[in-house]
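Just so you know, the protein sequences line up as chains A and B, in that order.
Residues 168 to 277, numbered by our numbering, are exactly what the first sequence covers, in order.
Residues 168 to 277, numbered by our numbering, are exactly what the second sequence covers, in order.
Every residue, glycine too, gets a C-beta built ideally from N, C-alpha and C.
Each remark here refers to the structure printed beneath this line.
Number of protein chains: 2
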Amino acid sequence: MAKYEALDEVFVALADSTRRAVIRRLGEGPASVSELARPFAITLPSFLKHVRVLESSGLVRTAKSGRVRMCTLDRDRLALVDGWLAEQRHAWEGRTDRLAAFVTEPKEPS
Amino acid sequence: MAKYEALDEVFVALADSTRRAVIRRLGEGPASVSELARPFAITLPSFLKHVRVLESSGLVRTAKSGRVRMCTLDRDRLALVDGWLAEQRHAWEGRTDRLAAFVTEPKEPS
C-alpha cells in the first residue's frame, strides 16, 4: 500500500470515537475482540465493523487463537500520523525561519 | 463543538490527499481558493467541496475579500491531533513504566 493511500485509511479509521477508544485500550496491550467490545453499548456485529476498519487501515492486527480473536495495535502504522504532522511543522518552521531572517536582516543604510 | 466530535471531523478532513496538500500549502501562509486549486487536475466545484470539508472541520477558515475568497490554516485545530497522539503515548509510557518496575523490582529471597 502506498504511503499516502495508507494515510487516507489511517485517518478514516481514526475518525470515530469508538475506534479511537479501541486504539487507546490496545495501547495497554493486546486484547480479545469480546474484551474490547465490552465497554460499548453496541451489538457485536456493529463492533466487528469497527474492528474491520481498524484492521484494513493496518492500525490493528488480529489473529485467531482457538475460539478467541486477539487484537494488537501496530504502533508503526500510527506513527505515520506523527510523521505527517512532523512534515507540516517542518514546512511551517522553514517559513518562520525565513520570516525571522527577513525581519532581523540588517537594512542597507539609506 | 465537543472535543471528540471535533476530532472526528478533523480526521475525516485529513483522510484525503488533496485536502492534506491544501493544509501543507496553507502552512506556508494564507492563499485564495483559486491559488489553492491550481495544482490539482479537478474542476473548481470539486475542489470547493474539499474546501468546505476543511472549513467544517475548523482546520481552515475562509473569508471573502472583494471577489476573492482567502483561506487560512487554523493550527490550533490541527494541534488537536497532536494532543490526541500525545495522550496515546502517555498511556503507552505508563504501561512501559509499570512493566519496567515489574522487571527491575528486587525479588524476595527464596
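Between the CA atoms of residue j and residue i - distance to the nearest angstrom
i, j, result
"E195/B", "A246/A", "24 angstroms"
"H257/A", "W251/A", "10 angstroms"
"V177/B", "S232/B", "26 angstroms"
"V189/A", "L181/B", "20 angstroms"
"R186/A", "A173/A", "17 angstroms"
"V218/A", "L193/A", "12 angstroms"
"S277/A", "R242/A", "Because the pLDDT of S277/A is 49, which lies under 50, any placement of that residue in the model is unreliable, and the number read from its coordinates should be weighed accordingly. In a straight line, the C-alpha of S277/A is about 58 angstroms away from that of R242/A."
"F214/A", "P197/A", "17 angstroms"
"C138/B", "R205/A", "Given that chain B is displayed from residue 168 to residue 277, the structure contains no residue 138/B and the question cannot be resolved."
"L226/A", "V248/A", "11 angstroms"
"R265/B", "V200/B", "50 angstroms"
"R223/B", "D175/B", "Just to set this straight, residue 223/B is Ser in the shown sequence, not Arg. Those two C-alpha atoms are separated by around 11 angstroms."
"V179/A", "G261/B", "27 angstroms"
"L211/B", "T229/B", "16 angstroms"
"E202/A", "A253/B", "25 angstroms"
"K216/A", "A267/A", "50 angstroms"
"F207/A", "R236/B", "43 angstroms"
"S184/B", "R234/A", "39 angstroms"
"E221/A", "R244/A", "Per the sequence presented here, residue 221/A reads as Leu, with Glu not at that position. Rounded to whole angstroms, L221/A to R244/A spans 11 angstroms at the Cα level."
"D191/A", "I209/A", "The sequence shown places Arg at residue 191/A, not Asp. Each residue's Cα considered, the two are about 18 angstroms apart."
DSSP state of residue i mapped onto helix, strand, coil
i, result
"L226/A", "coil"
"A198/A", "strand"
"D249/A", "helix"
"D264/A", "helix"
"F207/A", "coil"
"D175/A", "helix"
"D243/A", "helix"
"H257/B", "helix"
Segment limits, alpha helix (DSSP H) that includes residue i
i, result
"R234/B", "Per DSSP, R234/B belongs to no alpha helix (DSSP H) and is neither H nor E."
"R191/A", "S184 to G194"
Partner residues on chain B for residue i, Cβ-Cβ distance less than 7 angstroms
i, result
"E195/A", "A258 and R262"
Contact set between residue i and chain B, taken where Cβ atoms lie within less than 8 angstroms
i, result
"L211/A", "Per Cβ cutoff of 8 angstroms: no residues; L211/A is ~23 angstroms from chain B at best."
Within chain A, partners of residue i - CB distance below 7 angstroms
i, result
"R191/B", "Q255 and A258"
"F178/B", "F178, L181 and A182"
Interface residues of chain A facing residue i [CB-CB closer than 8 angstroms]
i, result
"V248/B", "V248 and L252"
Chain A contacts from the segment 220 to 246 of chain B (Cβ-Cβ distance under 8 angstroms): Answer set for the segment 220 to 246 of chain B: R242 and L245.
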